[in-house]
Each structure stands twice: as C-alpha cells, then as structure tokens.
Amino acid sequence: MPDSTSGQPTQNDGCPPADPSSPPRRSFLAALLGAGSAGVGALLAVPVIRFVLHPILTSTTEKSWTDVGKVDEFQANSAPVKKLVQFEQRDGWRRTVLEKPVYVVKNAAGQVAVLSAVCPHLGCTLPWVEDQNQFICPCHKGTFDSSGKLVSGPPPRNMDSLPLKVEDGVVKIQYEFFRQLTSNKEVIA
Amino acid sequence: MKAGGTGKAGEGLIARLVHWNESRTGLNSLLHHALDEPIPGGAKLAYVFGSGLLFLFVSQVVTGVFLAMYYVPSADHAHTTVAYITKEVSAGSFLRSIHAYGSSAIVIVLMLHLIQTFMYGSYKGRRELLWLVGCILFALMLGMAFTGYLLPWDQKAYFATTVGTNIFSEVPVIGNGLKRLLRGGTEMGTLTLSRFFVLHVFIIPALILFFVAQHIYLFRKAGAAGPASADPVEPRLPTETFYPKQLVMDMGFALLIIVALGFCAWRLPVVLGPKADPSDTLFLPRPEWYYVPVFQYLKYWKPSVAVVGILIIPSVLGLLLVGLPFFDRSLERRPWKRPISVGVFVLVFLALGFFGLQSRREDKKDPSVSAQLHKQHEAEEAFMTERFEPEVVLAGAAASQPPPANAEGASLFVAQGCNACHGDAGVGGGIGPRLVGIGKKYDKQKIESLLRSPTPAMLAGGMPKVDLKRDDLEQLIEYLESLQ
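So the protein sequences, as listed, match chains F and D. Following our numbering, the numbering of the first sequence begins with 1 at its first residue and continues without gaps. Following our numbering, the numbering of the second sequence begins with 1 at its first residue and continues without gaps.
Here it is, written out as structure tokens:
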C-alpha cells in the first residue's frame with residue numbers, strides 16, 4: 001500500500017508535468033489511486049482465489065467406506081466368499097456408483113481380509129474354483145490359494161487386499177484399483 | 001513502498017528499464033496519451049459512467065471466466081453444476097452473485113451513461129458514429145443479460161427464456177425461423193442452452209470487445225464534449241487532463257460499484273431455484289427487473305395487432321434512438337433549449353417506469369397470481385436450504401444391469417473374466433476389443449468357434465480359450481449377441 005502522508009516523487013514519474021502549482025496534491029491523488037486499485041483488486045481477487053483453490057483445499061474426490069457384511073458371518077467360513085460391493089466415489093459435482101466383486105477370505109493369521117477379484121497379472125476377474133480349492137484365472141491360468149497367496153502361473157504378486165475396518169461388527173472396505181504386472185502392490189485409484 | 005529507498009542505483013535501473021521497454025513497445029507514450037486526454041471545463045462526477053461500464057465489463061469477464069471453471073452447459077448438468085457452485089464451492093455463491101448483480105449494475109450504469117450523454121447533448125458535433133457504436137453496445141449488453149439468464153437452468157430461467165424466445169416468433173415472415181434458430185429446434189432444450197452459452201461466452205463478448213475498442217477510439221478522436229454549455233466541435237473552455245482528478249473520480253466510482261456489489265452478494269446472495277421442469281404447467285415466468293417494463297408493455301397487445309406493439313413501435317423507437325445524431329443536427333446542447341427530443345426521451349423513460357410499476361401492481365392485485373408467485377418464491381427458498389446433491393453416475397455393472405433373460409450369460413461373462421479385458425457389458429476396456437454389437441458382425445457359429453479356438457492374433461492379444469459346458473457356452477453366446 002502506498003503511504004499517502006509522505007510525498008512520493010517516484011509516483012509522479014509516469015504522469016504529465018501539468019499543474020506545477022500542486023505537486024503534493026498530485027502525489028496524494030496518485031496514492032489514492034494506488035490504494036483504490038488495490039482495494040478493487042483485492043475485493044475480486046480474494047474470492048476468485050478461494051474459488052479456484054476449492055478442490056485443492058477441500059476434499060472433492062473422497063472415497064467412502066462400503067459395507068461388505070457382518071464379521072461373524074465371515075468368521076465361520078473357511079472358503080473365500082464372493083461379494084458384490086457397491087461403492088461411491090465423489091468427483092466434484094458427481095457421485096459415481098460402481099459395483100465390483102470382492103472375496104472375503106481368511107489370511108494366514110486366520111483374520112478376515114477382503115481381496116480384490118482383479119487378477120494382478122492382466123486384470124481378469126478371478127473365479128474361486130471350489131473343487132480345486134484355488135482361485136484360477138481363466139485368462140492365463142494363474143492360481144492363488146484360499147488366502148490369495150500366489151501359487152503358480154504368470155501373476156507377479158499375491159491377490160490384492162483392500163483397506164478394511166470393522167465397525168459395530170460390520171466389515172467395511174475401501175475399494176481400490178491397483179497397477180497390473182508389477183511385483184509390488186501399487187494403488188492407482 | 002520502498003521503491004524510492006533503494007537509492008540512485010535503483011532509480012537508474014528503473015529508468016533504464018522504462019526506457020528499454022519504451023523504445024520497444026511505446027507503452028509509456030501510449031499511457032501518457034491516454035492520461036493526458038483533455039477535458040474541456042475540467043473533471044466532473046457526471047463523466048464517470050463510461051469508465052464505470054468498462055470496469056463492470058471487466059469484472060463480469062473475470063467472474064464469468066472463473067464461473068466457467070465449474071459450469072457445464074448442458075441441460076442435464078447445468079443446474080447441478082450451478083447448485084455445486086452456489087452451495088459447495090468456496091466463495092462460489094459470492095462470485096455468482098457478483099456476476100448476476102453485475103448484470104443489473106451494467107443495466108443501471110448503462111442507463112445513467114445514456115441519460116448523461118443525452119441530457120448533455122454529448123452526441124452532437126461529428127459524434128454520429130460514436131453514438132451508433134454506443135447503441136450497438138447497448139443492444140449487445142441486453143443480449144448478454146438475456147442469454148446469461150438461461151444458463152443456471154432453473155425454473156425461472158427456463159420459463160422466462162421460453163417467453164423471451166417466443167417473442168421472436170412475432171416478427172413477420174422470418175419470425176418462426178428466427179425462434180428455431182435461437183432455440184436450436186422448435187422446443188427449448190439442451191441445444192438452446194448450448195447456443196445461449198456460446199452466445200454468452202464467446203460471440204457477444206467478442207463483439208463487445210470489438211465495439212468497446214471502437215467506442216473508445218471514436219471518443220478520443222472526437223474529444224470529450226465537456227459541459228452542455230460548451231461548443232461540441234470546438235470547445236473553448238479551459239481544459240484539464242484526465243489524470244489525475246477524473247481518474248480518481250472514475251476509480252472512486254469503480255470502488256463504489258464493487259463495494260455495493262460485494263455488499264449485495266454478501267448480504268443477499270442470488271438464489272438458485274429448483275431445476276427446470278418443462279412439464280410444469282403452472283409456473284408463472286417473470287423476467288429480470290430490467291425486462292419487466294417490456295414484459296408488461298407486451299401484455300397490452302392482442303394477437304391481431306401484436307405486430308404493431310412488438311415490432312413496429314419498438315423499431316420506430318429504436319430508429320429514433322439510433323438515428324438521433326443524424327436528424328438532430330443543431331449544435332445546441334443545453335437540454336432546456338431542446339424541448340422536443342428531451343421531452344420524448346423523458347416520456348419514454350416515464351412510460352417504462354410506469355409499465356414496471358403496473359406489472360407489480362397487477363401481480364399483487366390478482367390473488368391467484370400472487371399466490372403462485374409466492375409459491376415459486378418459497379420453492380426457491382426451500383431449494384436453497386437443501387444440501388447439495390451430487391449427480392449420481394452409475395458405472396460398470398451397476399449401470400448395465402442386463403435384462404433377466406440373459407442374467408445367466410451375464411454372470412458367466414463376469415465369472416469367466418471376459419469383462420476384465422472387454423469391459424463391463426462388453427463396452428471395451430482397453431485390453432480387449434469392444435463386444436457391443438458383435439451379434440450383428442458374426443453369427444452364432446462364428447462366435448462359438450472364436451470362443452472355443454481363438455485365432456492366433458486373438459491368442460497373442462491375451463484371449464484365452466473358453467472352455468465351458470455346452471449349456472453355459474450357449475448362454476454366454478446369447479448374452480454376447482444381446483449386447484447393444
């Protein structure tokens with residue numbers, strides 16, 4: 001902000017040398033102009049900046065937790081259970097509803113885990129083959145055991161487990177998409 | 001500021017920079033030329049309206065450009081995105097209100113600019129083209145207000161624009177064609193919205209920029225006219241330069257405008273009504289306040305004589321306004337010496353004011369009308385208190401529930417992992433080709449043989465042999481053929 005009380009000769013550099021009788025008055029007016037344009041600019045700039053930064057400062061693409069089922073129900077099962085989960089993704093003014101298959105399994109420690117049904121090889125949907133006690137990929141015959149651990153075939157890693165929490169006895173997950181063909185699990189969306 | 005405190009070296013550097021820039025751009029002398037504009041009789045508050053309009057136009061451009069960051073011009077998303085701007089985006093309601101109130105402000109300042117120019121007789125003395133371009137800008141600004149009003153796609157926007165575009169059909173011979181051209185069809189719809197959007201955002205603003213440049217150029221060519229007592233061609237009054245006094249006044253006016261707009265936007269944000277519902281037969285459209293006098297005026301004309309009221313009278317008045325400097329050739333500028341033109345001008349304004357008041361009075365007098373308007377107002381308030389509801393997009397399996405007849409085939413399609421490469425319901429997924437419409441391309445036998453023994457090219461692309469029981473295979477093929 002220009003200081004309106006002190007004379008500022010530099011402010012007058014850009015103005016014509018008219019009215020030589022009142023240089024202090026001119027610099028006062030110049031200061032007034034500076035203050036005025038700063039005020040006008042700020043009044044528009046502040047809301048515009050907040051408006052533009054909205055998606056950065058607030059989460060506009062949050063993922064929701066989706067119910068899979070009661071934890072007791074899964075505790076009793078020994079074989080993987082297929083579930084179709086509907087989950088929502090907020091994308092600005094849109095809410096996308098997706099439906100994806102997942103498997104509720106027990107991991108090595110005997111705890112309930114939820115696996116994505118997408119094969120980490122090339123993305124085919126893995127069916128649970130009851131009589132062979134394995135997940136067998138229909139595309140390239142990758143196989144996984146009942147906990148999702150890689151047994152044989154081209155897949156580079158185990159089946160992908162999804163973020164999970166148990167609330168009031170209900171298993172909830174966040175569905176995620178993973179990069180294929182990499183030996184490390186890498187979330188892409 | 002500390003710019004002056006950096007000493008002689010700093011000043012020398014600045015001076016060199018200014019000189020460097022000046023010798024390449026001539027910006028400095030251009031600025032001097034702009035600021036040294038001589039004003040006969042000195043700076044006056046009466047001259048602030050033109051630059052006020054320029055400021056408002058810039059403000060509309062800035063707020064408009066940013067509103068477009070979240071807005072989608074289509075009938076199925078426009079209302080949701082405006083609701084998103086209004087209810088969720090930080091400062092969204094404020095910016096939208098500045099933009100909406102800005103249009104009202106433009107109409108008001110435009111009127112003041114017109115009144116000042118008319119009363120001071122500033123259109124006289126070789127200023128015909130300046131005046132003409134001003135009239136074009138006037139029409140373009142009204143066009144901006146008309147096209148912008150539809151964009152939120154709420155009830156009042158939809159129905160006001162339905163009435164507004166209907167008026168065009170009163171034009172003889174080409175009327176209906178004109179209406180259809182404007183609407184992009186016989187009815188209002190998403191094509192109307194697209195057209196209005198393009199007019200509002202691209203075409204009219206480009207024209208306004210073009211004509212504003214001409215208006216300013218012609219103004220500087222003719223020179224400021226000064227007070228009404230001055231000779232319009234060769235004013236003999238002592239002059240004062242535009243900088244600083246007039247510039248400070250203009251700046252003060254701009255500040256007043258933006259503070260007033262900000263205050264209104266803050267205390268009384270512009271509302272958004274419920275989404276346009278073309279099947280609503282009860283909705284009473286009411287235009288924005290500045291179109292109310294015209295709206296009321298049009299009510300007085302029965303269909304048999306509508307052409308007189310809707311076309312002939314406005315055309316005559318329009319021609320009178322546009323042609324004013326061509327037939328009012330005297331150089332007399334003082335309003336009291338020009339009783340006829342001033343009289344007509346005042347009369348038209350009084351009539352517009354009267355029509356405006358009359359419209360309000362009629363709406364209040366009719367109990368069924370005022371009840372309906374009240375209901376519409378309440379619906380708007382109610383919509384504004386509701387939380388923002390995002391638009392639901394069904395994707396993947398949830399979006400393409402197959403008909404029950406193919407449910408088994410569909411589940412095989414998922415169980416076999418076909419969807420992993422060919423996409424849900426065969427819409428294509430990047431790895432494998434799209435299967436929608438495959439039933440038209442191949443017959444049953446061909447599909448079966450491709451599934452049982454894929455071609456080498458298919459195998460190379462990752463397509464496995466499908467090994468299914470006879471019944472299941474038939475179900476899968478039936479499902480594949482049903483994909484449309």
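Quick reminder that beta carbons are idealized off the backbone N, C-alpha and C, glycines included.
- List the residues of chain D whose Cβ lies closer than 9 Å to the Cβ of Ser64/F, in chain order. Near Ser64/F there are no residues of chain D at all, since even the closest Cβ is about 12 Å away, more than 9 Å.
- Interface flag, Gly262/D vs chain F, CB-CB below 9 Å: When Cβ-Cβ separations below 9 Å define contact, Gly262/D makes contact with chain F.
- Which ranges would you report for the alpha helix (DSSP H) in the region 105 to 152 of chain D if only whole runs of at least 4 residues count? Those alpha helix (DSSP H) runs which fall completely within the region 105 to 152 of chain D and span 4+ residues are 128 to 150.
- Task: Would you list the residues sitting across from Phe202/D in a DSSP beta bridge?
- Result: Paired residues: none, contrary to the question.
- Sequence-distant residues of the same chain with beta carbon closer than 7 Å to Ile431/D, five excluded per side: Correct list, in chain order: Cys421 and Gly462.
- Measure from the C-beta of Phe144/F to each C-beta in chain D and report whether the shortest distance is under 9 Å. No - not a single Cβ of chain D is within 9 Å of the one on Phe144/F.
- Query: Does the beta carbon of Ile431/D sit closer than 9 Å to a beta carbon anywhere in chain F?
  - Reply: For Ile431/D, the answer is yes, since a Cβ of chain F falls inside 9 Å of its Cβ.
- Message: Quick check on this structure: which residue in Leu56/D, Leu282/D, Asp154/D and Ser103/D has the alpha carbon closest to the alpha carbon of Thr80/D?
- Response: Between Thr80/D and the set Leu56/D, Leu282/D, Asp154/D and Ser103/D, the nearest pair of CA atoms involves Asp154/D.
- Message: Just to confirm before moving on: does the CB-CB distance between Leu43/F and Val248/D stay below 9 Å?
- Response: Against a cut-off of 9 Å, the Cβ pair of Val248/D and Leu43/F comes out as no contact.
- Task: Give a yes or no on whether the C-beta atoms belonging to Ala415/D and Ala425/D are separated by under 9 Å.
- Result: It is not a contact, given that the beta carbons lie outside the stated cut-off.
- Item | Under 7 Å (Cβ pairs) to chain B, residues found in the region 43 to 58 of chain D | The structure shown contains no chain B; its protein chains are F and D.
- Message: When you compare the CB of Ser21/F with every CB in chain D, is at least one pair closer than 9 Å?
- Response: In this predicted model, Ser21/F has a pLDDT of only 48, less than 50, meaning its place in the structure is not dependable enough to derive any value.
- Between which two residues does the alpha helix (DSSP H) harbouring Phe349/D extend? Going by DSSP, Phe349/D is part of the alpha helix (DSSP H) stretching over Pro339 to Lys365.
- Within chain D, partners of Pro101/F - CB distance below 8 Å: What Pro101/F touches in chain D: Val414.
- Item | C-alpha distance - Ile257/D paired with Leu150/D, whole-angstrom precision | Straight-line spacing of the CA atoms in Ile257/D and Leu150/D works out to 25 Å.
- Item | Range of the contiguous alpha helix (DSSP H) that encloses Val162/D | Looking at the sequence provided, one finds Thr at residue 162/D rather than Val. It spans Gln155 to Phe168 - the alpha helix (DSSP H) in which Thr162/D sits, taken as one unbroken run.
- Query: So, using beta-carbon positions, are Gly41/D and His113/D closer together than 9 Å?
  - Reply: A distance of 9 Å or more separates the beta carbons of Gly41/D and His113/D.
- Message: Counting only beta-carbon separations shorter than 9 Å, does Cys421/D have a partner in chain F?
- Response: Yes, because at least one Cβ of chain F sits closer than 9 Å to the Cβ of Cys421/D.
- With DSSP run on the structure shown, which of helix, strand or coil describes Gln86/F? Correct three-state label for Gln86/F: strand.
- Could you check the C-alpha separation between Trp93/F and Ala68/D for me, to the nearest Å? Distance between the alpha carbons of Trp93/F and Ala68/D is about 14 Å.
- Helix, strand or coil at Phe135/F [DSSP, three-state]: Phe135/F falls in the strand class under three-state DSSP.
- Could you spell out the range, first to last residue, of the beta strand (DSSP E) harbouring Gly69/F? Where Gly69/F is concerned, the enclosing beta strand (DSSP E) stretches over Thr66 to Lys70.
- Given that Gly148/F touches chain D, what residues does it touch there, using C-beta distances under 8 Å? By Cβ distance, chain D contributes nothing, its closest Cβ being about 16 Å from Gly148/F, past 8 Å.
- Can you tell me where the alpha helix (DSSP H) with Glu332/D in it begins and where it stops? DSSP places Glu332/D outside any alpha helix (DSSP H), giving it a letter other than H or E.
- Message: With three or more C-beta pairs closer than 8 Å as the rule, is the region 275 to 292 of chain D touching the region 364 to 383 of chain D?
- Response: Cβ pair count under 8 Å is three or more, so yes.
- Task: Determine the DSSP secondary structure at Leu298/D, reduced to helix, strand or coil.
- Result: For Leu298/D, the secondary structure class from DSSP, reduced to helix, strand or coil, is helix.
- Message: With a threshold of 7 Å on Cβ separation, who are the neighbours of Glu240/D within its own chain once the five nearest residues in sequence on each side are excluded?
- Response: If we look at Glu240/D and ignore the five residues flanking it on each side, its Cβ neighbours are Ile39, Gly42 and Ala43.
- Are Phe211/D and Leu140/D closer than 9 Å when you measure CB to CB? In this structure, Leu140/D lies closer than 9 Å to Phe211/D by Cβ.
- Query: Where does the unbroken alpha helix (DSSP H) through Tyr103/F begin, and where does it stop?
  - Reply: Careful: Tyr103/F lies outside any alpha helix (DSSP H), inside the beta strand (DSSP E) at Arg94 to Lys106.
- Task: Assign Lys245/D to one of three DSSP states: helix, strand, or coil.
- Result: The answer is helix: DSSP assigns Lys245/D an H, G or I state.
- Query: Are any of the Cβ atoms in chain D nearer than 9 Å to that of Pro47/F?
  - Reply: Output row for Pro47/F: interface = yes.
- For Asn133/F, count neighbouring Cβ atoms within 10 angstroms of its own Cβ and tell me buried if that reaches 16, exposed if not. Classification of Asn133/F: exposed, given that the 10 Å Cβ count is below 16.
- Message: Any beta carbon from chain F within less than 9 Å of Gly252/D's own beta carbon?
- Response: Answer yes: the Cβ-Cβ gap between Gly252/D and chain F drops below 9 Å somewhere.
- Pro127/F touches chain D at which residues, Cβ-Cβ below 8 Å? Think of a sphere of 8 Å around the beta carbon of Pro127/F: the chain D residues whose beta carbon falls inside it are Ala415, Gln416 and Gly417, in chain order.
- Message: Quick check on Asn176/D: buried or exposed, where buried means 16 or more other Cβ atoms within 10 Å of its Cβ?
- Response: A residue is called buried when at least 16 other Cβ atoms come within 10 angstroms of its Cβ; Asn176/D does not meet this threshold and is exposed.
- Query: What is the DSSP secondary structure of Thr143/F, counted as helix, strand or coil?
  - Reply: Residue state for Thr143/F is assigned as strand, using DSSP reduced to three classes.
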